[in-house]
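For reference, the structure is listed below as structure tokens.
Protein chains: 2
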Amino acid sequence: MAMQAQVMYDFSAEPGNNELTVKEGETVTVLNQNVGGGWIEAQNSRGESGLVPEDYLQVSDDDDDGEWDEEWDDARSTGGYGETTGEEEGEATGHTQTLTFIYFKCCISLGFAFSKIPNPEVYLLAKLPPKGKDRLAIYMGDVGPVWLYPQSPLDCVVADPKKGSKMYGLKSYIEYQVTPNTTNRPVNHRYKHFDWLYERLLEKFGSAIPIPSLPDKQVTGRFEEEFIKMRMERLQGWMCRMCRHPVVSNSDVFQLFLTYRDEKEWKTGKRRAEKDECVGPMVFSLIDPEAPELDIIEVYVCRFTKEMDDGVKDLLNVGNIHWKRCTGPLRKEYQKIGKAFQNLSSVFNTSGYTGEATLTDALTAAGKTYEEISQIVAEQPRKDLHFLMETNNEYKGLLGCFPDTIGVHKAAIEKVREGDKMVAAGKITTQDKGTMAKRISIMCYSLQAEMNHFHSNRIYDYNRVMQLYLEEQIRFYETRERGFYETVRG
Amino acid sequence: MAMQAQVMYDFSAEPGNNELTVKEGETVTVLNQNVGGGWIEAQNSRGESGLVPEDYLQVSDDDDDGEWDEEWDDARSTGGYGETTGEEEGEATGHTQTLTFIYFKCCISLGFAFSKIPNPEVYLLAKLPPKGKDRLAIYMGDVGPVWLYPQSPLDCVVADPKKGSKMYGLKSYIEYQVTPNTTNRPVNHRYKHFDWLYERLLEKFGSAIPIPSLPDKQVTGRFEEEFIKMRMERLQGWMCRMCRHPVVSNSDVFQLFLTYRDEKEWKTGKRRAEKDECVGPMVFSLIDPEAPELDIIEVYVCRFTKEMDDGVKDLLNVGNIHWKRCTGPLRKEYQKIGKAFQNLSSVFNTSGYTGEATLTDALTAAGKTYEEISQIVAEQPRKDLHFLMETNNEYKGLLGCFPDTIGVHKAAIEKVREGDKMVAAGKITTQDKGTMAKRISIMCYSLQAEMNHFHSNRIYDYNRVMQLYLEEQIRFYETRERGFYETVRG
Chain A
414 MAMQAQVMYD FSAEPGNNEL TVKEGETVTV LNQNVGGGWI EAQNSRGESG LVPEDYLQVS
474 DDDDDGEWDE EWDDARSTGG YGETTGEEEG EATGHTQTLT FIYFKCCISL GFAFSKIPNP
534 EVYLLAKLPP KGKDRLAIYM GDVGPVWLYP QSPLDCVVAD PKKGSKMYGL KSYIEYQVTP
594 NTTNRPVNHR YKHFDWLYER LLEKFGSAIP IPSLPDKQVT GRFEEEFIKM RMERLQGWMC
654 RMCRHPVVSN SDVFQLFLTY RDEKEWKTGK RRAEKDECVG PMVFSLIDPE APELDIIEVY
714 VCRFTKEMDD GVKDLLNVGN IHWKRCTGPL RKEYQKIGKA FQNLSSVFNT SGYTGEATLT
774 DALTAAGKTY EEISQIVAEQ PRKDLHFLME TNNEYKGLLG CFPDTIGVHK AAIEKVREGD
834 KMVAAGKITT QDKGTMAKRI SIMCYSLQAE MNHFHSNRIY DYNRVMQLYL EEQIRFYETR
894 ERGFYETVRG
Chain B
414 MAMQAQVMYD FSAEPGNNEL TVKEGETVTV LNQNVGGGWI EAQNSRGESG LVPEDYLQVS
474 DDDDDGEWDE EWDDARSTGG YGETTGEEEG EATGHTQTLT FIYFKCCISL GFAFSKIPNP
534 EVYLLAKLPP KGKDRLAIYM GDVGPVWLYP QSPLDCVVAD PKKGSKMYGL KSYIEYQVTP
594 NTTNRPVNHR YKHFDWLYER LLEKFGSAIP IPSLPDKQVT GRFEEEFIKM RMERLQGWMC
654 RMCRHPVVSN SDVFQLFLTY RDEKEWKTGK RRAEKDECVG PMVFSLIDPE APELDIIEVY
714 VCRFTKEMDD GVKDLLNVGN IHWKRCTGPL RKEYQKIGKA FQNLSSVFNT SGYTGEATLT
774 DALTAAGKTY EEISQIVAEQ PRKDLHFLME TNNEYKGLLG CFPDTIGVHK AAIEKVREGD
834 KMVAAGKITT QDKGTMAKRI SIMCYSLQAE MNHFHSNRIY DYNRVMQLYL EEQIRFYETR
894 ERGFYETVRG
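Residue numbers (this note's numbering), protein chains in the order written: chain A, 414 to 903; chain B, 414 to 903.
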């Protein structure tokens, strides 16, 4: 079935660019969601097709479990293709779908060697350079292995987006001001600098730490106020998350981004970062755990993140539907109820009969209360659902990076399990096998430290957003109750 | 376009009766809404057609203004086929519909002579019998002409529906117990007795007083509990309204219905009522106003009742839609939100990370609150909308009777306006013309007394129902607010 998308903002196509002009509120059919570069190929109701920035569209969420490449022993997923129970008989279509899905999962699993996941072999067997000052310390906390956190947490403010231009105004861009709490000195960055930072962080830390994608990909030449505001808010969220990560925030490249003093320092730093060779799985060589030997936990991590991903997507789905209902049909319905009461009041006022002022006043007040409710209902999502949705959206992005990070660990574990065979075949020495065992233990340390970091952040984020959400709900119902109370008591 | 109806209750067709078996929740197409006898001809989705009791169906409200036969100067309705404004250009379909509608209205107006409205001539020109004890007094109150009200208002309770049978159990029926507050002695009546009473009241008073139809027409052989309960409630509402009417409640036939002591008295009374000759427009001969000469007000009355009819139908329409949304999509949506929160809580519980009990408790509590809201939202309409809808439904029925009553007055006014011509043509004497003028004045007295009765009842009924409705709304939002409050404060 063709996927539908809702247009969130007006977008005017630039001539000759294969773009499609769309209007807010329009529904389009998604032709290709994977064009890349932040674009989606879509078709409007008049049959015209072209590219639309993906941030301008709200695509209905589909199951995209295909990106998960694991074979865990999940009762829920085996249930789908296990023995057919009496209840499931006759559900032929569902059954076929499950099989297709499993087949797809296998393909991904088998296709490991061709995937983009970095090969951990370079680290497992490489001769490591001597450890420098650039070490990533892990110690044993109450919850298990944890990263070493800085004494005062890093933070920054992304603000004041300004339109700049170069080439005598031929090209224009938006520059954001980023101010870290350490220097309190603002630096300017364009979106492409954020993107450069993301690429560096992904390259350097991606095997050990899931680096969430930037909130949206490059969309050039759009200066709509609301879009810029939304992008800035999300860049702020992304930067906060990076600041909160002890490894990322302490890295040279991240510090450079936040604190460079002049163009020269920025350029030198950029070159150095791009030449960094300790990237990919080699990042594990920097890890310095307190103690060796740790159990392998990847299956468990994989299961939790997958299930949380499902939960988050589910909440986003129902949240989206609720948002649309509140701002659309519900708002109109309350308006209509309000109008109906007020109309009846107007008619009653023409009766010429005395002594019904109390009644017509009550009807008018009830009508107005409903019109207010209509507005409150339509505005409410921006007050409560917005933060809940943004947080879940952020987590959806973050969770989407886990399969790659976990994939490195999985590949390493497979390699280590083949150790005996490789020794027997004379491919590696017994000493190599010992090295591999030690190194996989370090990888496990890192994964557990990262998971503990993830959990503590998750608990903090969700605690905060739930508190906000529930308090908004109280205010919401209180306002509506008060509206009716005043209608009755006058 | 074919009219659709929603099936409210299961109904099994009796073989050989041209009936159609339908299931609750099914949608059928209405083929003929005017079959009479409480039946509607409908077609199901499989193309089968037959009769279904009209009370088992909820027909979507259409504009049936066609039954209104007036030509008033309504700005709103002329607006529809007046000059086309810039905004309306291109709305060709809407325009055509309006013209069709106007055409239909004209037909009805012209077709006066063939309608069922009683001819007022019999009263305007007849030689009246001497006035007996059976007089309907009208005096001048603060608001104008009013009926003479009894000192203590009549009331009755309809209760205790019992299944009875006759012909050795071959035929069965439901008997209701009716207890008036005057004798406090219950009498039993079957639905067909109510129907007989309605026919008598309509025949006798219909020209002066709109007699609302019985809540539903005869549907034999149905003993579903909910249906009987609903019918009883509505019969109670109908009886209350009749009891509150000073003319109806004081009439011989109504008193007979409420207070007959044995089968013999009932049968004698029935015969006498059926032989009553002072029916139709002749009822005006019983009216005994304090003073003569009154202005003609029929156009004004017609306009008010028409506009109120529109307002009431509008409220019923939006109320129905809201009811359906609350018990359908909204209920499911809140359930889903509740489930999504609870699922996330379950996933979080498997993290193995310590110290997130507060968060998972909050998520679970929020989830449960939403599930409760889902239930509250679905049950709410029965608590608040129900009474608002029932009252409006009753008024829709009552207002539907006004055109006939007003029609008698309209016809009389036309006749009186022709007075001079008729005298010139030698059809009536000058004295006859004087008699007609006096009698139309009495009719106007009666119409104004009836309107004042209607208004005072309307104000009483709507005051009561609005009070109930608004207080329910307060309770509703209070409950929801408290739910979230407890979720936050634990």
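The beta carbon of each residue, even a glycine, is placed where N, CA and C say it ideally should be.
Please read all numbers here as calculations on a predicted model, not as lab measurements.
Residue i versus the options, residue with shortest Cα-Cα distance
i, options, result
"residue 604/B", "577/B, 622/B and 885/B", "577/B"
"residue 897/B", "611/A, 885/A and 892/A", "885/A"
"residue 827/B", "532/B, 472/B and 463/B", "532/B"
"residue 690/B", "763/B, 551/B, 614/B and 798/B", "614/B"
"residue 653/A", "579/A, 592/A, 679/A and 686/A", "592/A"
"residue 565/B", "902/B, 662/B and 425/B", "662/B"
"residue 679/A", "569/A, 641/A, 612/A and 606/A", "606/A"
"residue 553/B", "858/B, 869/B, 880/B and 879/B", "858/B"
"residue 889/B", "570/B, 785/B, 682/B and 462/B", "785/B"
"residue 644/B", "469/B, 418/B, 821/B and 765/B", "469/B"
"residue 777/A", "768/A, 766/A and 761/A", "761/A"
"residue 724/A", "752/B, 425/B and 721/B", "752/B"
Span separating the alpha-carbon of residue i from that of residue j
i, j, result
"residue 853/B", "residue 666/B", "26 Å"
"residue 600/B", "residue 714/B", "38 Å"
"residue 737/A", "residue 746/A", "13 Å"
"residue 719/A", "residue 638/A", "36 Å"
"residue 487/A", "residue 541/A", "A caution first: residue 487/A carries a pLDDT of 32, below 50, which makes its placement in the model unreliable, though a value can still be read off. About 38 Å."
"residue 867/B", "residue 770/A", "16 Å"
"residue 788/B", "residue 597/A", "52 Å"
"residue 445/A", "residue 455/A", "7 Å"
"residue 656/A", "residue 775/B", "27 Å"
"residue 440/B", "residue 732/B", "19 Å"
"residue 676/A", "residue 547/A", "25 Å"
"residue 514/A", "residue 802/A", "Any reading at residue 514/A must be qualified, since the residue scores a pLDDT of 28, below 50, and its modelled position is unreliable; the value itself is stated next. So the two alpha carbons sit approximately 28 Å from each other."
"residue 623/B", "residue 812/B", "8 Å"
"residue 700/A", "residue 848/A", "15 Å"
"residue 780/A", "residue 763/A", "17 Å"
"residue 882/A", "residue 672/A", "35 Å"
"residue 835/A", "residue 750/B", "52 Å"
"residue 692/A", "residue 856/A", "14 Å"
"residue 460/B", "residue 717/B", "42 Å"
"residue 734/B", "residue 819/B", "32 Å"
"residue 462/A", "residue 421/A", "17 Å"
"residue 850/A", "residue 682/A", "36 Å"
"residue 435/A", "residue 442/A", "12 Å"
"residue 698/B", "residue 544/B", "8 Å"
"residue 744/A", "residue 798/B", "18 Å"
Rounded distance between the beta-carbons of residue j and residue i, thought under 8 Å
i, j, result
"residue 416/B", "residue 472/B", "6 Å"
"residue 845/A", "residue 619/A", "So it is not a contact: roughly 26 Å between Cβ atoms."
"residue 829/A", "residue 694/A", "About 13 Å separates the two Cβ atoms, so there is no contact after all."
"residue 900/A", "residue 804/A", "Rounded, the Cβ-Cβ distance is 36 Å, inconsistent with contact."
"residue 423/B", "residue 437/B", "5 Å"
"residue 563/B", "residue 659/B", "6 Å"
"residue 586/B", "residue 602/B", "Contact flag wrong, Cβ pair sits at about 11 Å."
"residue 617/A", "residue 696/A", "6 Å"
"residue 841/B", "residue 538/B", "7 Å"
"residue 594/B", "residue 567/B", "7 Å"
Quiz item: Is the number of C-beta pairs between the region 551-563 of chain B and the region 858-872 of chain B that are closer than 8 Å three or more?
Solution: As far as the Cβ criterion goes, the region 551-563 of chain B touches the region 858-872 of chain B, which means the pair count is three or higher.
Quiz item: Which full runs of the alpha helix (DSSP H) of 4+ residues lie inside the region 601-670 of chain A, going along the chain?
Solution: 604-618, 638-657 and 659-663
Exercise. Return the chain-ordered ranges of every beta strand (DSSP E) run that is complete within the region 533-559 of chain B and spans a minimum of 3 residues.
Key: 549-554
Quiz item: Taking three-plus beta-carbon pairs below 8 Å as touching, is the region 800-815 of chain B in contact with the region 871-883 of chain B?
Solution: yes
Quiz item: Is it true that the region 754-765 of chain A meets the region 725-733 of chain B, where meeting means three or more beta-carbon pairs spaced less than 8 Å apart?
Solution: The region 754-765 of chain A, when compared against the region 725-733 of chain B, does touch it at the 8 Å Cβ threshold.
Practice problem: Spell out a yes or no on whether the region 622-629 of chain A and the region 646-661 of chain A are touching, meaning 3 or more CB-CB pairs, one atom from each, closer than 8 Å. | Solution: yes
Practice problem: Would you check if there are 3 or more beta carbon pairs closer than 8 Å linking the region 887-902 of chain A to the region 788-800 of chain B? | Solution: Touching, no, given that fewer than three Cβ pairs across the two stretches are closer than 8 Å.
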